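Student:
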Amino acid sequence: MPTGKCGVNGCGRDAARKVSYLDAKVLEEHGLLLHPVDAAPPRRPGHVYLCEEHYKLWRKLTKRERLLRDLSRKVE
Ligand SMILES: [Zn+2]
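Residue 4 in UniProt numbering is what sits at position 4 of the sequence shown, and the numbering runs on without skipping anything.
#1: Output the boundary residues of the beta strand (DSSP E) element that contains V19.
#2: With a threshold of 16 other CB atoms inside 10 Å of the CB of A24, please say whether the residue is buried or exposed.
#3: Determine the direct distance from the alpha carbon of G12 to that of M1, and round the result to whole angstroms.
#4: With a 10 Å radius around its C-beta and 16 neighbouring C-beta atoms as the bar for buried, classify G10 as buried or exposed.
#5: When you compare only the Cα positions, how much space is there between K5 and L50?
Structure below.
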């Protein structure tokens, strides 16, 4: 279980999950500002802590993409 606060700007809830910043970027495309941790550009994009609420939102936004990825994997 990650410790810390949600990395979404202005949220402030306790973090429930930690995802790669590359994966979390989809949230920025939807207007949220993220604060990544452990980032060391250009090699390490870092991670973003998400609270349960934002994690659910992220899952929703990435669902279609992950589905397509899973489907293409099955074909291989
Ligand atoms: Zn949050």
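All C-beta atoms in this analysis are idealised placements derived from N, C-alpha and C, irrespective of residue type, glycine included.
Here the structure is a predicted model, which means the values were calculated and not measured.
Tutor: Well, looking at it:
#1: In the DSSP assignment, V19 falls within the unbroken beta strand (DSSP E) covering 17-20.
#2: Per the 10 Å Cβ criterion, buried.
#3: With a pLDDT of 48 at M1, under the threshold of 50, the modelled position of that residue is not reliable, and the figure given next carries that caveat. Distance between the alpha carbons of M1 and G12: 17 angstroms.
#4: G10 is exposed by the Cβ-count criterion.
#5: Looking at the two C-alpha atoms, the distance is approximately 8 angstroms.
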